[in-house]
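Quick notes on the structure that follows.
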Amino acid sequence: MSPKTAEQQPQRAFVQQVLGRRDYAIISELVEPGSKVLDLGCGDGELLAWLAENKRVIARGVEISPACVQRCVAQGLSVYQGDIDAGLADYPDHCFDFVILSQTLQQAHRPLGVLREMLRVGRRGIVAFPNFGHWTVRLSLLWSGRAPRTELFPYDWYDSPNIHFLTVEDFEALAAGEGYLIERRIFLSGNRGIRYRPNLRAQVAVYLVCHPGQS
Amino acid sequence: MTVETQFAGFDSLALDCGETLAPVRVAYETYGTLNSRRNNAILVLHAFSGDAHAAGISAETGKPGWWDNMIGPHKAFDTSSYFVICSNILGGCRGTTGPGSVHPAAGRPWGAGFPVITVPDMVRLQKKLIDSLEIERLLSVAGGSMGGMLALQWAVEYPEAVASAIPIASAYRHSPQQIAFNEVGRMAILSDPDWKGGDYYGGPPPAGGLSVARMIGHITYMSDESMREKFGRRQKAKSDGFARSFEDEFEVEKYLRYRGGEFVNRFDANSYLYITKAMDNFDLSASYGSLAAALARTKGRFLVISFTSDWLYPSYQSQEIVRALRGHNLDVAYCELPSNYGHDAFLIEVGEQTELVRHFLANTFKKAA
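These protein sequence lines are chains U and Y, in that order.
So the mapping is simple: this note's numbering equals the position in the first sequence, first residue as 1, plus 845.
So the mapping is simple: this note's numbering equals the position in the second sequence, first residue as 1, plus 20.
Structure, rendered in structure tokens:
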């Protein structure tokens, strides 16, 4: 696999980058039609625009790149240019039905703070992240002795937008510690769903979480 | 496209200060065509020293409008789709009633006897104009700097009449720094002996004071980067750095003197005083208890734009507006565009601004229709 840098492979809605259309189907399954949705780190707005068009959601987004914000506005999306680590404080409690963190958590400076804010402004959170526990990642580190570079984590260590690596088990432990209710967990390898040993076999994990009593 | 300034007259306008202006005249221009459903009208709001001539070539002066790069067929404000209106503000000196207008009873210019005016007064007069054009709901109110303040005031005061607002490089109220710069400009005028208590019409205007005020203004509209790029330290060839006279040696000096002198020919010093005071006194949060409470009244979409190098209306001021809107989960998009042009960017750096505005308007039109 040829090395890729953050520049060469711009952050897009993770759906297309990692899973193709399959992830639209998953998030579409989780997001109720006509609901209020906030996408944190919404990139060029691909997923939000799709949800607005196909699920008639009221779509909002936060994105740090001005170029991406412009592409979002071009699609009719109301997106705020800002940092998700800092930017949710203004929203009132539970003003969204769903808050989406798609391929964003591992890029946040304070992921726990983002998760807590997510479930303050949203009734439910959809968290999708690449699984650092996948066997290819483990083998890559074991065999090469260097920071793992795989299909899921294609960046050189010095050039990666990912700053907090987590596995399926890590997220489960954090969710338990925070007292989150996990309503759905979906594990994917390529386009296939996975049930058995997800921490080893899942490339991507998608969680639907909420505070108990919120759902 | 040649355009002519038009005029509308109204019997009276009640002002916030308690006085009533009667009669009142408004200078305005329009571009494009109002559709049969009368739902494609956009009110463009000029900045402090602007006028009604926003686009096209003036039949009178032969000059292009102040936002000609943004308004026209297939531009940001696409006049092949929308009907764009721009009017000179109350207190101005470009055709709308202001301190230089003749007091109807006295038969001579108002001067410093002109009543104190506010940004809400300016918007109230514009509402009369829009009503007279039989437009119930504007597709958008849009403007930069003070124009953005008027756009906000429109959205808050007339929520039913505003489908969207685009405040650019603006603020919901002035910071002490902005008031300070305006105060220096006002003091330059007030300390010019030709100001004569505001009663200089018929004689020489306070040209020195007004041009110094404008020079300060121009400094605040640019940025360190844009000035370095535009002027550097370039000097007249003969200068040895030991000039005894205080002539304009540096190009930046020459530029400022030129712009200051030019301003005197097109702007009235009393309008400068009245309008800057109205801007400084404007505080959207004051009338409704808080900014959040004011913006909670709005019923349209918002597109807020700021520029990285704008230190006169820094991005944090735009973000204050956006955050208050988000506090009520209102429909707002915000982008801080990269630019080296300082506050002037909204007039100059129009490439990305055009993309944002054009798509925002198209989507607003689609949703409103």
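Even for Gly, the Cβ is constructed at its ideal location relative to N, Cα and C.
- In the structure shown, U:G1038 adopts extended strand secondary structure according to DSSP, grouped into three states.
- Assignment of beta-bridge partners to Y:R248 by DSSP yields no partner.
- Taking 8 Å as the cut-off, the Cβ atoms of Y:E356 and Y:T374 do not count as close.
- CA-CA distance, Y:S190 to Y:G229, rounds to 26 Å.
- In the DSSP assignment, Y:R321 falls within the beta strand (DSSP E) that extends over R321 to F327.
- Annotated as proximal: Y:A47 and Y:G115, with beta-carbon spacing under 8 Å.
- Distances from the CA of Y:D214 to each of Y:V352, Y:D288 and Y:Y51 were compared; the closest alpha carbon is that of Y:D288.
- By the Cβ-count criterion, Y:K95 is buried, with 16 or more other Cβ atoms from all chains shown falling within 10 Å of its own Cβ.
- A Cβ of chain Y is located within less than 8 Å of the beta carbon of U:Q915.
- Within 10 angstroms of the beta-carbon of U:V924 lie 16 or more other beta-carbons, which makes it buried.
- Here the C-alpha atom of Y:Y336 lies approximately 16 Å from the C-alpha atom of Y:G347.
- In the structure shown, the three-state DSSP call for U:G890 is coil.
- With respect to the 8 Å criterion, Y:E180 and Y:K387 are not classified as neighbours on the basis of their beta carbons.
- Residue environment analysis places Y:D141 among the buried positions, since at least 16 neighbouring C-beta atoms fall within 10 angstroms of its C-beta.
- In the structure shown, Y:S78 adopts extended strand secondary structure according to DSSP, grouped into three states.
- DSSP places Y:L41 within a strand segment (E or B) once states are collapsed to three.
- Neighbourhood of U:A931 in chain Y, by CB distance below 9 Å: empty, with the nearest CB roughly 11 Å away.
- Taking a C-beta distance under 8 Å as the contact criterion, U:L1011 and U:Q951 qualify as a contact pair.
- With the rule of 3 Cβ pairs closer than 8 Å, the region 152-161 of chain Y counts as touching the region 61-79 of chain Y.
- Excluding five sequence positions before and after Y:D351, the CB atoms of its chain that fall closer than 6 Å to its own CB belong to R321, given in chain order.
- Put simply, the CB of U:Q926 is near chain Y, with a gap under 8 Å to one of its CB atoms.
- Scanning chain Y for C-beta atoms nearer than 7 Å to the C-beta of U:A919 yields E375 and H379, reported in chain order.
- For U:C887, not one C-beta of chain Y is nearer than 8 Å to its own C-beta.
- Residues of the region 348-378 of chain Y with a C-beta atom less than 7 Å from some C-beta of chain U are N349, D351, V352, A353, Y354, C355, E356, L357, P358, E372, E375 and L376, listed in chain order.
- Within chain Y, the residues whose beta carbon sits less than 7 Å from that of U:D935 are R343, R346 and G347, listed in sequence order.
- For Y:V272, same chain residues with a beta-carbon under 7 Å away, outside a window of 5 residues either side, are M247 and F251 in chain order.
- Classified as buried, U:E908 has 16 or more neighbouring CB atoms from the shown chains inside 10 Å of its CB.
- Assignment of beta-bridge partners to U:K881 by DSSP yields U:I903.
- Around the beta-carbon of Y:W86, 16 or more other beta-carbon atoms lie within 10 Å, marking it buried.
- U:G890 places its beta carbon less than 8 Å from that of U:G906.
- Y:G164: member of the beta strand (DSSP E) spanning S160 to G164, first to last residue.
- The continuous stretches of beta strand (DSSP E) do not include Y:E156, and DSSP gives it neither H nor E.
- If you look at Y:F201, you'll find it in the alpha helix (DSSP H) that goes P196 to L210.
- Per DSSP, Y:G237 lies in no beta strand (DSSP E); the unbroken alpha helix (DSSP H) holding it starts and ends at A227 to Y241.
- DSSP, read as helix, strand or coil, puts Y:G115 in coil.
- DSSP places Y:A314 outside any beta strand (DSSP E); the residue lies instead in the alpha helix (DSSP H), whose first and last residues are L311 to A316.
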